[in-house]
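Chains as they are written, first to last, in the numbering used here: chain A, 1092 to 1401; chain B, 1092 to 1401.
All C-beta atoms in this analysis are idealised placements derived from N, C-alpha and C, irrespective of residue type, glycine included.
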């Protein structure tokens, strides 16, 4: 299965990059079931989606779609939208949490621009009592993102977290470095969904999964607070076993799901006393995110195909 | 899958009980791949099998096949064979462990006969520095077996363990009662492989599995030493996660496999630092044991079918 899964993922991401496909899907999005995975294009819709989730015992984290920003002006515009979202969160009940991609802040233009905008966003988050997660993008941005994170930690922005990807060879070392921070950091752990070369990432699904487990146990043992952001039910079960064995406090970990994925499992985990947070993507720039969801598993593509022909 | 698995198991056990099938299989056993699951009919062969396993880092537990003994004379003969096996173990290196079925000792004739023979066997085990497990058979014998076990514990036979089956409704209460024993008992935890009615046992595989997990965690948290005797790879992974989380000493649990089942996994677990014990059935009365292995999963039946035609 590992090999087939990997081939499927690579094929789908390659097709999604082709111009005609991109155009068709962007045009037909509404008919393709994008709303299954994207809570909305506009802020009021997604605030409403989060309230509905909260009614079911689920926490949320907002993610403004949009990536690979490459000019200072675009970064300023995107940063402005993020600040607007944070301001809108101020009056929302429950835990406020926002995820941002460092390239949205201008990391791809240069580090200093990314840092300046990251500080503005982190300050705003503090002002509205929200937490902020610096998301992780593809391999070229890992160093910069970790440096951003470390800088913000050193400047006292303790409400900022970041993400590690188990498909990268380097992540084990990155985790060990992050565990030296005191107080211990908050990290989201994902497998990784970008197309990466074998020079930097495991090609074999079994190795990605095993690395995920190793990072998970090492992170919790090392004192980090972890967001277990995977839909892998085996790993979720094992996490439950580990935290029960370790007698971990419920605030030391949480399960994180993408909006629309395995809603029944989300609720079962809440029922078993775990904190569950839903990653809510929103905005008009949903294409890259949507392709990665389809690449993740054939069942998601079938959902789209059924929508087209059904 | 749960429903299909259960239907398969029930159908196979029903067919295995039919006279003509029994006759054919008993006659053709050697051609049907019985030796995949039964280490041998005679003691020297199985001692040799255990030595081979020990060379691979695997411990063993001997199990003399034969069940549903219903006369005092047969119980005496079977007890004699068990004593002979224990005597033969005296000069074997490594951990010595023998499993016996209480009906082999005469529990099905009457409790006192079973207890007298169990004492003789337990004394012999102590003499040769072996441990002894009172195996668990079908539902009518559970009360008697637990009473035997409790009596032997009270008489100071601390090297005696017993078995709990997660498919029985009663097992949760039985575990709680056993956890009151001090020092805490050693227990093997299995799902259960006999054909039982829904009056006493879960019919739904998912419930049997969930109960297994509950019993496993409760048992380890309650201080028992557990033999995790299942081939369910999810549960094995979760056990690994639990014991890592809990930081349990390696002598508080072990994984147990039946001879011939998932040998690659057995070795991987040894490689990851766990103790693994192989249940080695031997003797001429292998029919009931063999049918239960085939009933366990279609892959085992396919192994036999390939042997017949291949």
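Determine the chain B residues that contact residue i at a beta-carbon separation under 9 Å, and present them in chain order.
i	result
residue 1361 of chain A	Within chain B, no residue comes near residue 1361 of chain A; the closest Cβ sits about 17 Å away, beyond 9 Å.
residue 1308 of chain A	1332, 1335 and 1336
Determine the closest residue to residue i out of the options, with distance taken between C-alpha atoms.
i	options	result
residue 1234 of chain A	A:1198, A:1252 and A:1284	A:1198
residue 1210 of chain A	A:1185, A:1246 and A:1232	A:1246
residue 1282 of chain A	A:1271, A:1269, A:1273 and A:1255	A:1255
residue 1180 of chain B	B:1305, B:1218 and B:1202	B:1218
residue 1315 of chain A	A:1368, A:1348 and A:1274	A:1274
residue 1312 of chain A	A:1322, A:1334 and A:1326	A:1334
residue 1216 of chain A	A:1236, A:1248, A:1202 and A:1318	A:1248
residue 1285 of chain A	A:1336, A:1278 and A:1293	A:1293
residue 1145 of chain B	B:1166, B:1185, B:1165 and B:1164	B:1185
residue 1251 of chain B	B:1190, B:1359 and B:1298	B:1190
residue 1306 of chain A	A:1296, A:1188, A:1289 and A:1278	A:1278
residue 1149 of chain A	A:1379, A:1348 and A:1384	A:1348
residue 1321 of chain B	B:1336, B:1344 and B:1236	B:1344
residue 1361 of chain A	A:1298, A:1346, A:1371 and A:1379	A:1346
Please list, in chain order, the chain A residues whose beta carbon lies closer than 7 Å to that of residue i.
i	result
residue 1200 of chain B	Here the premise fails: no neighbours, minimum Cβ distance about 43 Å.
May I have the straight-line CA-CA distance separating residue i from residue j, to the nearest angstrom?
i	j	result
residue 1177 of chain A	residue 1242 of chain A	21 Å
residue 1214 of chain B	residue 1136 of chain B	25 Å
residue 1240 of chain A	residue 1223 of chain A	11 Å
residue 1068 of chain B	residue 1227 of chain A	No answer is possible for residue 1068 of chain B: the residues shown for chain B start at 1092 and end at 1401.
residue 1386 of chain A	residue 1141 of chain B	48 Å
residue 1182 of chain B	residue 1171 of chain B	18 Å
residue 1220 of chain A	residue 1350 of chain B	59 Å
residue 1354 of chain B	residue 1342 of chain B	22 Å
residue 1303 of chain A	residue 1161 of chain B	54 Å
residue 1291 of chain A	residue 1319 of chain A	22 Å
residue 1088 of chain A	residue 1327 of chain B	Since the first residue of chain A shown is 1092 and the last is 1401, residue 1088 of chain A is not available in this structure.
residue 1134 of chain B	residue 1268 of chain A	56 Å
residue 1130 of chain B	residue 1139 of chain B	9 Å
residue 1168 of chain B	residue 1374 of chain B	13 Å
residue 1317 of chain A	residue 1202 of chain A	26 Å
residue 1287 of chain A	residue 1331 of chain B	31 Å
residue 1405 of chain A	residue 1238 of chain A	This structure leaves residue 1405 of chain A out entirely; chain A is present only between 1092 and 1401.
residue 1225 of chain B	residue 1232 of chain B	11 Å
residue 1270 of chain A	residue 1338 of chain B	20 Å
residue 1418 of chain A	residue 1363 of chain A	Because chain A spans 1092 through 1401 in this model, residue 1418 of chain A falls outside it and cannot be assessed.
residue 1372 of chain B	residue 1153 of chain B	6 Å
Under the three-state reduction of DSSP, which class applies to residue i: helix, strand or coil?
i	result
residue 1092 of chain A	Residue placement at residue 1092 of chain A cannot be trusted, given a pLDDT of 42 that sits under 50; what the coordinates show is reported in the next sentence. DSSP places residue 1092 of chain A in coil when its eight states are reduced to three.
residue 1210 of chain B	helix
residue 1324 of chain A	helix
residue 1154 of chain A	strand
residue 1162 of chain B	coil
residue 1372 of chain A	strand
residue 1318 of chain B	strand
residue 1227 of chain A	coil
residue 1285 of chain B	coil
residue 1299 of chain B	helix
residue 1276 of chain A	coil
residue 1259 of chain A	strand
residue 1380 of chain A	helix
residue 1188 of chain A	strand
residue 1248 of chain B	coil
residue 1202 of chain A	helix
residue 1344 of chain A	strand
residue 1292 of chain A	strand
residue 1362 of chain B	helix
residue 1367 of chain A	strand
residue 1254 of chain A	strand
residue 1180 of chain B	helix
residue 1304 of chain A	helix
residue 1349 of chain B	strand
residue 1222 of chain B	strand
residue 1310 of chain A	helix
residue 1197 of chain A	coil
residue 1171 of chain A	helix
Could you work out which residues of chain B lie near residue i, taking near to mean beta carbons separated by less than 7 Å?
i	result
residue 1325 of chain A	1325 and 1328
Chain E beta carbons: is any one of them nearer than 8 Å to that of residue i?
i	result
residue 1311 of chain B	Checking the listed chains, one finds no chain E in this structure; the protein chains it contains are A and B.
Do the stretch 1189-1206 of chain A and the stretch 1154-1172 of chain A make contact, defined as three or more Cβ pairs closer than 8 Å? yes
Are the stretch 1201-1211 of chain B and the stretch 1255-1268 of chain B touching, with three or more C-beta to C-beta distances below 8 Å? no
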